[in-house]
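Trainee: Following this message is one structure expressed as structure tokens.
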Amino acid sequence: MALPGRQQPLIRVLYDESRRDLRDPDRPRPLRLYLWEPDRPCAAPAPLVFVSHGTGGSGGEMQWLVRPLREAGFRVAALDHHGNNFVDGYEPEGFLHVWERPRDVSFALDALDREQPLGPVGAAGFSLGGYTAAALAGARVDPGVLWAVLTGEVPFPEIPEFPGVLEELRKTFPPVEESRRALEAAAADLSDRRVRAVFQVAPGVGGLVTPESLATVRVPVGIRWGGADTITPYESDTRPYLEHIPTARGRSAGPGVRHDDFFAPEPADPQVRVRVGAEAAGFFLEHLVGPSRVPAAGV
Numbered sequence: 033m034a035l036p037g038r039q040q041p042l043i044r045v046l047y048d049e050s051r052r053d054l055r056d057p058d059r060p061r062p063l064r065l066y067l068w069e070p071d072r073p074c075a076a077p078a079p080l081v082f083v084s085h086g087t088g089g090s091g092g093e094m095q096w097l098v099r100p101l102r103e104a105g106f107r108v109a110a111l112d113h114h115g116n117n118f119v120d121g122y123e124p125e126g127f128l129h130v131w132e133r134p135r136d137v138s139f140a141l142d143a144l145d146r147e148q149p150l151g152p153v154g155a156a157g158f159s160l161g162g163y164t165a166a167a168l169a170g171a172r173v174d175p176g177v178l179w180a181v182l183t184g185e186v187p188f189p190e191i192p193e194f195p196g197v198l199e200e201l202r203k204t205f206p207p208v209e210e211s212r213r214a215l216e217a218a219a220a221d222l223s224d225r226r227v228r229a230v231f232q233v234a235p236g237v238g239g240l241v242t243p244e245s246l247a248t249v250r251v252p253v254g255i256r257w258g259g260a261d262t263i264t265p266y267e268s269d270t271r272p273y274l275e276h277i278p279t280a281r282g283r284s285a286g287p288g289v290r291h292d293d294f295f296a297p298e299p300a301d302p303q304v305r306v307r308v309g310a311e312a313a314g315f316f317l318e319h320l321v322g323p324s325r326v327p328a329a330g331v
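According to the numbering used here, the stretch in the sequence shown is residues 33 to 331, in order.
Here you go:
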């Protein structure tokens with residue numbers, strides 16, 4: 033366990049006994065948890081926003097989103113999703129069994145809930161983390177589309193962080209009936225009743241979620257995307273969330289904003305993270321705390 037400084041998170045590792053470590057099936061699934069306390073709580077108990085990182089990223093590297101939330105008075109938590117973070121390394125299931133990610137968050141919320149009152153809870157996510165946040169509000173992946181990807185009927189884009197990931201997954205899950213049955217877990221209801229609002233940034237896998245499940249989402253959803261994003265393009269990835277979630281509202285973060293601008297050391301638009309981080313804080317102040325706390329330029 034790492035002890036936090038004034039702006040540093042408390043870091044510890046949780047173990048989910050109900051699921052297996054992807055590298056060692058005799059061990060439980062490990063989840064590294066980061067927890068930041070607010071500068072000054074905006075309510076008592078302080079509301080919590082759970083942040084989910086993008087594919088291949090890390091919860092500890094989401095400071096551009098964590099900082100404005102913490103400064104606005106929120107407790108902020110994040111995870112390193114097992115098999116899909118650069119701290120511990122990559123596993124094909126970590127990249128493609130995306131439905132395990134919302135389960136990670138709910139498990140961590142259970143652990144935090146046992147320690148102290150959570151207050152209102154929100155979920156925010158970037159890229160694949162955007163799907164994670166939406167799944168906590170009711171979004172479900174279509175197992176039929178996943179099966180078509182596994183069998184090659186539907187083309188799967190190359191993932192820069194893990195070239196050949198689909199071929200690696202097929203070694204463990206060959207396209208046979210047993211693998212098809214395993215994919216049915218993707219259709220489970222992974223919503224968490226504690227999550228009262230969702231904020232997505234350049235959300236991913238919009239083409240894998242079912243419109244019917246998106247139509248069931250009832251919590252407020254804010255969405256931002258980049259006009260020049262070729263990794264999670266608007267039409268295939270963002271538009272399904274925006275069009276099918278009844279409560280969704282959003283706008284482009286800028287016509288020239290790329291996916292990389294949210295994590296690259298030298299972004300084409302160096303201010304986009306500042307803008308979107310502030311908008312996320314305003315969104316959660318409105319929907320988790322109350323309209324009286326929203327800044328004049330809020331969401």
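All residues carry an ideal CB built from backbone N, CA and C; glycine is no exception.
Pair every Cβ in the segment 135-151 with every Cβ in the segment 201-213, then say whether three or more of these pairs are closer than 8 Å.
Mentor: no
Trainee: Pairs of beta-carbons, one from the segment 224-232 and one from the segment 154-162, closer than 8 Å: are there three or more?
Mentor: yes
Trainee: Have a look at the DSSP bridge pairing and note the partners of F158.
Mentor: Within the sequence shown, numbered from 1, the residue matching residue 158 stands at position 126. The partner list for F158 (beta bridge, DSSP) reads V233.
Trainee: Comparing alpha-carbon positions, which option in R256, N117, R250 and E275 lies nearest P243?
Mentor: Counting from one through the sequence shown, the residue named residue 243 turns up at place 211. Per the Cα distances, E275.
Trainee: Please state if the CB of L246 and the CB of A104 are separated by a distance shorter than 8 Å.
Mentor: As a position in the sequence shown, residue 104 is number 72, starting the count at 1. As a position in the sequence shown, residue 246 is number 214, starting the count at 1. Contact: no.
Trainee: Would you say D112 and R44 are within 8 Å of each other, going by their C-beta atoms?
Mentor: What you label residue 112 is simply residue 80 of the sequence shown in a count that begins at 1. What you label residue 44 is simply residue 12 of the sequence shown in a count that begins at 1. No, the Cβ-Cβ distance between D112 and R44 is not below 8 Å.
Trainee: Roughly how many angstroms lie between the CA atoms of W68 and D145, to the nearest whole one?
Mentor: Looking up residue 68 in the sequence shown gives position 36. Looking up residue 145 in the sequence shown gives position 113. Cα-Cα distance, rounded: 15 Å.
Trainee: When you compare the CB positions of G322 and D301, do they come within less than 8 Å of one another, or not?
Mentor: Counting from 1 along the sequence shown, the entry for residue 322 is found at position 290. Counting from 1 along the sequence shown, the entry for residue 301 is found at position 269. Contact: no.
Trainee: Please list, in chain order, all residues of the same chain as P60 whose beta carbon is under 6 Å from its beta carbon, the five residues on each side excluded.
Mentor: Walking along the sequence shown from the start, residue 60 turns up at place 28. Closer than 6 Å at Cβ, skipping near neighbours: Y47, D48 and E49.
Trainee: So, at 8 Å on beta carbons, what are the nonlocal neighbours of I191 in its own chain, with the 5 sequence-adjacent residues on each side left out?
Mentor: For the purposes of this step, residue 191 is identified with residue 159 of the sequence shown, where counting begins at 1. Closer than 8 Å at Cβ, skipping near neighbours: T87, G88, F127 and V197.
Trainee: Going by DSSP, what residue range makes up the alpha helix (DSSP H) through D110?
Mentor: On the sequence shown, residue 110 is found 78 positions in, with the first residue counted as 1. Looking at the sequence shown, residue 110 is not Asp but Ala. Looking at the DSSP string, A110 is not in any alpha helix (DSSP H); the run it does join, the beta strand (DSSP E), is R107 to D112.
Trainee: If you draw a straight line from the C-alpha of A109 to the C-alpha of L80, how long is it?
Mentor: Taking the first residue of the sequence shown as 1, we reach residue 109 at position 77. Taking the first residue of the sequence shown as 1, we reach residue 80 at position 48. Roughly 7 Å separates the two Cα atoms.
Trainee: May I have the straight-line CA-CA distance separating E267 from A219, to the nearest angstrom?
Mentor: Translated into positions along the sequence shown, residue 267 becomes position 235. Translated into positions along the sequence shown, residue 219 becomes position 187. Roughly 23 Å between the two C-alpha positions.
Trainee: Which whole runs of the beta strand (DSSP E) in the segment 53-86 are 3 residues long or more, in chain order?
Mentor: 60-68 and 80-84
Trainee: On the criterion of 16 or more Cβ atoms from any shown chain inside 10 Å, does F315 qualify as buried, or is it exposed?
Mentor: To locate residue 315, count along the sequence shown from 1; it is residue 283. By the neighbour-count rule (16 or more Cβ atoms within 10 Å), F315 is buried.
Trainee: Where are the beta strand (DSSP E) runs, 3 residues long or more, that stay fully inside the segment 259-306, in chain order?
Mentor: 280-284
Trainee: Among residues of its own chain, excluding the 5 on either side of G37, which ones have a beta-carbon nearer than 8 Å to its beta-carbon?
Mentor: As a first step, residue 37 must be located in the sequence shown, where it is residue number 5. Here the model assigns G37 a pLDDT of 47, short of 50, so the residue's position is not dependable and the matter cannot be decided.
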